[in-house]
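> Have a look at the structure that comes next, please.
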Amino acid sequence: MTGAQDAPRPSRRAPRSRPLAPALHATIAVHAAAPAACLAACLAAPNLLPWIGAALLANHGVLTAAGMWPRSTLLGPNMRRLRPEAAARAELALTFDDGPDPAVTPHVLDMLDRAGARASFFCIGTAARAHPTLLRQIVSRGHRVENHSFTHPNWFACLGPAGLRRQIGDAQAALADITGTAPAFFRAPMGLRNPLLDPVLAETSLRFTSWTRRAMDGLRGDPGRAYRRLTRGLAAGDILLMHDGRCARSPSGAPVVLEILPRLLLALQHAGLKAVSLPPGCAGPGASVVQGAALSADAVPAPSPSAQHACE
Ligand SMILES: [Zn+2]
């Protein structure tokens, strides 16, 4: 088995598999024009200099705000719901972040089995390395494992391109190594990102995803509130986020996810909704090599025509 640390690092970046978001193009244009605009203002109209500075500050302010809004699409593509075709089939995606955790994940798997439900597990690379058998169990029981960074740093949104490539690439290598299948989706730690993330993801076939509604069960030990957050306005096509790792505990001491999941699965059943994992065909067909990891293009399943229609 080849570990993330042992994987040969590509000498140059893989080409982008898709164009950058318009807001990033606009930012590049604003910054490229700024020096010439400043020079011209100095020579001809010094009173314009504060306005140029204000424009640059406003640009940074908008990008920072977008990065702190996990469901924003300003910084690049962001899958927040399944596609209408999936919703028409009454499908809804369950996702679990921050695992695997041997104290919680096996119980989640048992609950999903009993309900005949499928889910996507956004795993942390280091946790996966610590519990590889559990990771393989997730896959062998019909679920998918996706990329949630290698160490889940709180400062993920402050990383530069090299740090982002290491976090994403090392996790991709570790998860693919253990399960034999490369993740197709990436979710940022805490959903926070910066404008440099999309250009890094554009070099891969990973697709960025957030959620439709989240339980906040990694932060608050209130199962009733978490359940209401997930089920208020619940609809086919939703992507729900819970945590099987780093879980908050309820007043009884139990992980919140284990208190709300049985109720949620029952509610889905009563509503005629089918819990599925995120369809891997939603990921782009481009290169799957990220600097900091070496994955062959065949490691990412090619999108099937039906799967392409299953995501937003
Ligand atoms: Zn997380």
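Counting along the sequence shown from 1, when you hit position 31 you're at 49 in our numbering, and nothing is skipped either side.
We put the CB at the ideal spot given by N, CA and C, even for glycine.
Which residues in the same chain as E164 place their Cβ atom closer than 6 Å to its Cβ, once the five residues preceding and following it in sequence are excluded?
Position 146 of the sequence shown holds residue 164. So the list reads S138, F140, P201, F203, once near-sequence residues are dropped.
> So the beta strand (DSSP E) V294 belongs to, where does it begin and stop?
Residue mapping note: residue 294 aligns to position 276 of the sequence shown, counting from 1. That run of the beta strand (DSSP E) goes 292 to 294.
> Three Cβ pairs or more, each shorter than 8 Å: is that satisfied between the stretch 68 to 77 and the stretch 174 to 190?
Short answer: they don't touch.
> Taking just the CA atoms, how far does R132 sit from M208?
Position 190 of the sequence shown, counting from 1, holds the residue named residue 208. Position 114 of the sequence shown, counting from 1, holds the residue named residue 132. In a straight line, the C-alpha of M208 is about 29 Å away from that of R132.
> Quick check: does the Cβ of I142 come within less than 8 Å of any heavy atom belonging to ligand 1?
Looking up residue 142 in the sequence shown gives position 124. True, at least one ligand heavy atom lies under 8 Å from that Cβ.
> Nearest by alpha-carbon distance to L93: which of R238, R225, A111, I142 is it?
For the purposes of this step, residue 93 is taken as residue 75 along the sequence shown, with counting starting at 1. For the residues R238, R225, A111, I142, the minimum Cα distance to L93 belongs to R225.
> Taking the alpha carbon of P102 as the reference point, which residue from I278, D256, L152 has its own alpha carbon closest?
Sequence index remark: in the sequence shown, residue 102 carries index 84 (1-based). With distances taken between Cα atoms, P102 lies closest to D256.
> Take R147 and list the residues in its own chain whose beta-carbon comes closer than 7 Å to its own, dropping the five residues that flank it on each side.
As a position in the sequence shown, residue 147 is number 129, starting the count at 1. The answer, listed in chain order, is A192.
> What runs of the alpha helix (DSSP H), each 4 residues or longer, lie entirely inside the stretch 112 to 164?
With a minimum length of 4 residues, the continuous alpha helix (DSSP H) runs that stay inside the stretch 112 to 164 are 123 to 133, 143 to 148, 150 to 158.
> Nearest by alpha-carbon distance to V274: which of L284, P297, G239 is it?
Counted from its first residue, the sequence shown places residue 274 at position 256. The shortest Cα separation from V274 among L284, P297, G239 belongs to G239.
> Closer than 8 Å to a non-hydrogen atom of ligand 2 - does that hold for the CB of G85?
Questions concerning ligand 2 fall outside what the structure shown contains, since the ligands it does hold are ligand 1.
> Given this structure, state the Cα-to-Cα distance separating A73 from C60, to the nearest angstrom.
Start at 1 with the first residue of the sequence shown, and residue 73 comes out as number 55. Start at 1 with the first residue of the sequence shown, and residue 60 comes out as number 42. Between A73 and C60, the C-alpha separation is close to 16 Å.
> For V307, count neighbouring C-beta atoms within 10 Å of its own C-beta (all shown protein chains included) and say buried if the count is 16 or more, exposed if not.
Here residue 307 corresponds to residue number 289 of the sequence shown, with the count starting at 1. Any reading at V307 is ruled out, since the residue's pLDDT is 34, under 50, leaving its predicted position unreliable.
> In three-state DSSP terms, what is E103?
Counted from its first residue, the sequence shown places residue 103 at position 85. Reduced to three states, the DSSP call for E103 is helix.
> With a CB to CB cut of under 7 Å and the five nearest residues on each side skipped, what residues in its chain are close to I196?
Taking the first residue of the sequence shown as 1, we reach residue 196 at position 178. The answer, listed in chain order, is A146, P150, L153, R154.
> Got a sec? Which residues, its chain only, sit under 8 Å from V218 by beta carbon, not counting five neighbours each side?
Taking the first residue of the sequence shown as position 1, residue 218 is located at position 200. P179, L182, R183, I186, V308.
> Could you tell me the alpha carbon to alpha carbon distance between T82 and P95, rounded to whole angstroms?
Translated into the one-based positions of the sequence shown, residue 82 becomes position 64. Translated into the one-based positions of the sequence shown, residue 95 becomes position 77. Each residue's Cα considered, the two are about 16 Å apart.
> So, are the CB atoms of C265 and G242 less than 9 Å apart?
The residue you call residue 265 lines up with position 247 of the sequence shown. The residue you call residue 242 lines up with position 224 of the sequence shown. No. Outside cutoff.
> Shortest alpha-carbon distance to T228 belongs to which of A293, V294, T91?
For this step, residue 228 is matched to residue 210 along the sequence shown. Looking at the sequence shown, residue 228 is not Thr but Ser. Ranking the options by Cα distance to S228, first place goes to T91.
> Does ligand 1 have even one heavy atom less than 8 Å from the beta-carbon of G236?
One-based indexing of the sequence shown puts residue 236 at position 218. Indeed, a heavy atom of ligand 1 lies less than 8 Å from the Cβ.
> Please classify D256: does DSSP put it in a helix, a strand, or coil?
Counting from 1 along the sequence shown, the entry for residue 256 is found at position 238. In the structure shown, D256 sits in a strand (DSSP, three-state: E or B).
> Please list, in chain order, all residues of the same chain as V126 whose beta carbon is under 6 Å from its beta carbon, the five residues on each side excluded.
Residue numbering aside, residue 126 sits at position 108 when the sequence shown is read from its first letter. Here the set comprises D262.
> With DSSP run on the structure shown, which of helix, strand or coil describes E109?
Indexing the sequence shown from 1 puts residue 109 at position 91. It is a strand residue.
> So what does DSSP say about R243, is it helix, strand or coil?
Working through the sequence shown from its first residue, we reach residue 243 at position 225. Correct three-state label for R243: helix.
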